[in-house]
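Working notes, beginning with the structure itself.
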Amino acid sequence: MSQFLKKVVLYLIISALFFAILFTYPLYTYSQQESTDKLGLSAKSAILVEAHTGQILFEKNPNLICFPASTTKVLTALVAISYEHDLNKIFKVSSKATMIEPGSSSYYLNPGETISFQDLLYAMLLISANDAANVIAENIAGSIPEFVEKMNEYAKSIGAENSHFVNPNGLHSPQHYTTAYDLSLIARQAYQNEILRKIFSTVEYRITTASMHKKPEWQIIYNINKLLRKNSKYYYPYATGIKTGYTAQAKRCLIASAKKDDIELIAVILSSEDAFSDAIKLFNYGFNNFKREKLFSENQIVGKVLIDKTNHKWLDGYLKTPVYVLQNVYSPAESDLTYTVDFLKDLKIPIYKDTVIGNVYVYSKGYLISSIPVLSYESYEMQTSKKILQNVKKGLIKGTKVVIEILAGVILCVLLFTIITIIRFKRKKMRLKLRSTKTIDFSTLQNRRLK
Numbered sequence: 534m535s536q537f538l539k540k541v542v543l544y545l546i547i548s549a550l551f552f553a554i555l556f557t558y559p560l561y562t563y564s565q566q567e568s569t570d571k572l573g574l575s576a577k578s579a580i581l582v583e584a585h586t587g588q589i590l591f592e593k594n595p596n597l598i599c600f601p602a603s604t605t606k607v608l609t610a611l612v613a614i615s616y617e618h619d620l621n622k623i624f625k626v627s628s629k630a631t632m633i634e635p636g637s638s639s640y641y642l643n644p645g646e647t648i649s650f651q652d653l654l655y656a657m658l659l660i661s662a663n664d665a666a667n668v669i670a671e672n673i674a675g676s677i678p679e680f681v682e683k684m685n686e687y688a689k690s691i692g693a694e695n696s697h698f699v700n701p702n703g704l705h706s707p708q709h710y711t712t713a714y715d716l717s718l719i720a721r722q723a724y725q726n727e728i729l730r731k732i733f734s735t736v737e738y739r740i741t742t743a744s745m746h747k748k749p750e751w752q753i754i755y756n757i758n759k760l761l762r763k764n765s766k767y768y769y770p771y772a773t774g775i776k777t778g779y780t781a782q783a784k785r786c787l788i789a790s791a792k793k794d795d796i797e798l799i800a801v802i803l804s805s806e807d808a809f810s811d812a813i814k815l816f817n818y819g820f821n822n823f824k825r826e827k828l829f830s831e832n833q834i835v836g837k838v839l840i841d842k843t844n845h846k847w848l849d850g851y852l853k854t855p856v857y858v859l860q861n862v863y864s865p866a867e868s869d870l871t872y873t874v875d876f877l878k879d880l881k882i883p884i885y886k887d888t889v890i891g892n893v894y895v896y897s898k899g900y901l902i903s904s905i906p907v908l909s910y911e912s913y914e915m916q917t918s919k920k921i922l923q924n925v926k927k928g929l930i931k932g933t934k935v936v937i938e939i940l941a942g943v944i945l946c947v948l949l950f951t952i953i954t955i956i957r958f959k960r961k962k963m964r965l966k967l968r969s970t971k972t973i974d975f976s977t978l979q980n981r982r983l984k
């Protein structure tokens with residue numbers, strides 16, 4: 534009987550543990566997965582942002598350190614074009630620039646070959662030519678290491694704090710890494726550049742300046758971004774470009790842009806099994822769930838600041854142009870937009886209309902996405918009578934200071950004169966005393982004692 538009871542108790546304990554695990558852990562895991570990736574992306578890290586403001590519409594591990602592969606070339610293009618504005622400039626190919634990883638993407642440039650900066654940009658961004666990236670780096674900065682230094686400086690200057698680059702092409706290195714959020718900052722900068730935006734969206738291009746690529750079949754290149762290719766199963770009609778990437782360590786990477794009606798989006802996908810599919814999911818989510826709305830209207834007053842305490846004068850601040858954001862139409866709270874209005878300290882009178890007197894800071898999920906200047910709604914300066922009174926007060930204060938300084942000088946002089954006079958008087962008195970003192974004749978004193 535006791536053995537039977539032991540078995541029953543053991544069975545009950547095992548059953549309780551089983552149901553506890555069954556009903557606790559799966560539900561918790563599902564909830565965590567749902568909160569971080571409701572779109573079912575294969576990417577380990579991803580982010581979807583509005584192309585101009587950087588407003589975050591979706592994120593999945595946006596600050597996870599990942600390898601960027603050839604999406605690096607977007608930064609390479611940005612840095613290069615910021616230093617060299619002549620797209621027709623001819624660059625020379627060095628033997629070192631052609632030394633790339635066997636089997637990696639290349640335009641097969643030859644040592645000693647010459648080619649224009651523009652053709653190199655197209656080769657690098659359309660077919661991901663690693664040799665083209667090296668040639669650009671050497672001709673812009675003198676050497677690849679010096680160019681990489683400029684890449685890291687540029688990245689830091691725009692807020693990409695969790696990135697580090699060691700080459701201009703994205704070939705694998707443990708010290709070459711970034712995050713989806715950092716790449717979104719880089720991508721947004723590139724998207725604002727008309728030249729780069731045109732290259733990103735080009736499907737077919739003819740290279741004409743490569744001195745050793747004269748055969749027509751060597752000159753035509755096609756964009757490997759499948760979102761742009763109409764014959765691809767991944768063709769996305771709203772796609773407008775940017776850049777693909779792949780290495781065995783980085784897996785599938787992609788920076789993609791798309792535009793539908795008045796909404797422009799940028800998606801960053803890192804460490805994915807199917808980056809194009811992930812991009813389409815992100816874009817569909819953005820276009821189907823968000824609409825463009827005004828956060829501030831044109832000429833809207835956003836606050837006021839006290840500029841004259843004496844006269845209790847407050848000055849209104851306003852925004853000259855409207856400010857738009859993307860609002861989630863089904864769940865406004867998910868947009869997670871906040872803003873603050875900060876006025877400048879110690880504003881000086883007079884202030885004229887449209888003088889910058891502060892800023893509106895707009896945040897998306899805690900990240901600063903926009904800073905809009907707040908302007909003075911009117912001019913303000915003191916009235917003439919008040920000005921005169923103020924000048925009189927200033928004059929009196931200044932005059933009082935001068936009088937005090939003169940008096941202090943006079944007192945000091947009198948004090949010095951008194952001290953000198955006392956010293957002279959004492960010296961004179963001592964001299965007189967010495968003159969009146971009788972001289973004793975010691976020789977006569979001695980003779981008197983002998984007698």
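In this text, residue positions in the sequence shown follow the numbering used here: the first is 534, and each later residue adds one. Backbone N, C-alpha and C fix where the C-beta goes; we use that ideal spot for every residue, glycine too. Predicted, not measured: the structure shown is a model, and the values here were computed from it.
By the CB criterion at 8 Å, ILE580 and TYR714 fall inside the cutoff. In the DSSP annotation of this structure, ARG762 is not part of any beta strand (DSSP E), being labelled neither H nor E. The DSSP-derived three-state label of GLY850 is strand.
TYR863 counts as exposed, since fewer than 16 other C-beta atoms from the protein chains shown sit within 10 angstroms of its C-beta.
Taking TYR885 as reference, the option from ASN892, SER909 and THR873 with the minimal CA-CA separation is SER909. When only Cα atoms are considered, ALA723 and GLU914 end up about 44 Å apart. Segment contact: the region 803 to 818 against the region 736 to 748, fewer than three CB-CB distances shorter than 8 Å; contact not assigned.
Here the alpha carbons of LEU848 and THR604 stand approximately 48 Å from one another. In this structure LYS622 touches SER649 by the C-beta definition: roughly 7 Å separates them, less than 8 Å. Residue pairing from DSSP places ARG785 in a beta bridge opposite TYR779 and SER805. Minimum Cα-Cα distance from VAL838 among the listed residues GLY891, ILE740 and GLU682 corresponds to GLY891.
DSSP, reduced to helix, strand and coil, places ALA630 outside both helices and strands of the structure shown, so it counts as coil. MET657 counts as buried, since no fewer than 16 other beta carbons sit within 10 angstroms of its beta carbon.
DSSP, reduced to helix, strand and coil, places ASP794 outside both helices and strands of the structure shown, so it counts as coil. Residue environment analysis places ALA812 among the buried positions, since at least 16 neighbouring C-beta atoms fall within 10 angstroms of its C-beta.
DSSP assignment within the region 566 to 645 yields the following whole beta strand (DSSP E) runs of 3 residues or more, N-terminal first: 578 to 583, 589 to 593 and 623 to 625. Membership of ILE834 in the beta strand (DSSP E) is indicated by the continuous run 833 to 841. The C-alpha of PRO595 lies about 40 Å from the C-alpha of THR647. The beta-bridge partner set that DSSP reports for PRO906 consists of ASN892. Burial of ILE614 is indicated by the presence of at least 16 other C-beta atoms within 10 angstroms of its C-beta.
Between GLY774 and ASN758, the beta carbon gap of about 7 Å places them in contact (Cβ cut-off 8 Å).
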